[in-house]
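Accompanying notes for the structure given below.
In this note's numbering, the protein residues as written are -15 to 230.
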């Protein structure tokens, strides 16, 4: 029996909340509504949704503050689709830097929003296409780092867990399954987000920058993720499958 997708909409505009809710419900989804951060937290106490639609521009605690809070807490793996008030690159960059999985500028067509939600949910529930991972592999090692692919935990050289957003995890998985191979921005965007890049799309560059920060990789002299000008990126470290020690 198929489960019903549960979407939490966080937007201070009642009209937009009700418009989105009505359309998603007509298309078989369960919807919860929140007008601000306080109501969002109350809704999350009832259980984690499958996805959160989060407005960027809200009075008080805006979408950036709330997204940062989500990514730092127990709901860090819940996909976030951010609504931006203007189709400006600065808004998109901020949202992606805070850990949003996708963005959609206002005004938008609810049909496109539904398509984006479904795409984000698909990406969150499956490994990127073309990835070949040994079924029994639970831990991948590179340098002094480890990635627990079962719990989706990144462990630093001291064994401390480093939090990853869903988008960061998917990007790291792509790199670890294609080491020493040049991957173009288009390939990375398709593998991690299932869509093609437009000429001004910088989302992959932003995600690489965020992942480098997680890995404490210095961009000028990277140990793990190297930039090849006009080509893309390459994960230069050797990757090992660490067998279960039990």
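Heads up, the beta-carbon is just placed ideally off N, CA and C, and yes, glycines get one too.
Computed from a predicted model, the values in this text were never measured in an experiment.
{"Asked": "Cβ distance (whole Å) where residue 223 is taken to contact residue 126 below 8 Å", "Found": "5 Å"}
{"Asked": "Residue 44 beta carbon less than 8 Å from that of residue 20", "Found": "yes"}
{"Asked": "8 Å contact criterion, which residue 34 and residue -11 should meet: CB distance rounded", "Found": "5 Å"}
{"Asked": "Collapsed DSSP secondary structure at residue -12 in the structure displayed", "Found": "coil"}
{"Asked": "Exposure of residue 152, with buried meaning 16 or more beta-carbon neighbours within 10 Å", "Found": "buried"}
{"Asked": "CA-to-CA distance, residue 197 to residue 118, given in whole angstroms", "Found": "Note that residue 118 scores a pLDDT of 39, beneath 50, so its modelled location is shaky; the value from the coordinates is reported in the next line. Cα-Cα distance, rounded: 27 Å."}
{"Asked": "C-beta contact flag for residue 82 and residue 60 at 8 Å", "Found": "no"}
{"Asked": "Residues bridged to residue 42 [DSSP beta-bridge criterion]", "Found": "None, per the DSSP bridge assignment."}
{"Asked": "Cβ shell of residue 32 (< 7 Å), same chain only, five flanking positions each side left out", "Found": "59 and 62"}
{"Asked": "N-terminal and C-terminal residue of the alpha helix (DSSP H) that residue 6 is part of", "Found": "-2 to 10"}
{"Asked": "Distance between residue 67 and residue 216 (C-alpha atoms, nearest Å)", "Found": "28 Å"}
{"Asked": "Residue from 154, 161 and 164 with nearest C-alpha to residue 173", "Found": "154"}
{"Asked": "Beta bridge counterpart(s) of residue 143 as assigned by DSSP", "Found": "None, per the DSSP bridge assignment."}
{"Asked": "8 Å Cβ shell around residue 100 - same chain, five flanking residues per side excluded", "Found": "65, 86 and 88"}
{"Asked": "Integer Cβ distance of residue 209 from residue 159, believed to fall under 8 Å", "Found": "7 Å"}
{"Asked": "Complete alpha helix (DSSP H) runs within the stretch 164 to 209 (minimum length 4 residues, chain order)", "Found": "169 to 177 and 187 to 199"}
{"Asked": "Residue from 168, 37, 130 and 98 whose Cα sits closest to the Cα of residue 143", "Found": "130"}
{"Asked": "Unbroken beta strand (DSSP E) run spanning residue 125, endpoints", "Found": "123 to 126"}
{"Asked": "Residue 83, DSSP secondary structure in three states", "Found": "coil"}
{"Asked": "Which listed residue (102, -6 and 98) has its alpha carbon closest to that of residue 40", "Found": "-6"}
{"Asked": "Given residue 90 as reference, the closest of -3, 193 and 140 once Cα atoms are compared", "Found": "-3"}
{"Asked": "Reference residue 169, options 8, 214, 138 and 105, closest by Cα", "Found": "214"}
{"Asked": "Coil, strand or helix - residue 130 by DSSP", "Found": "strand"}
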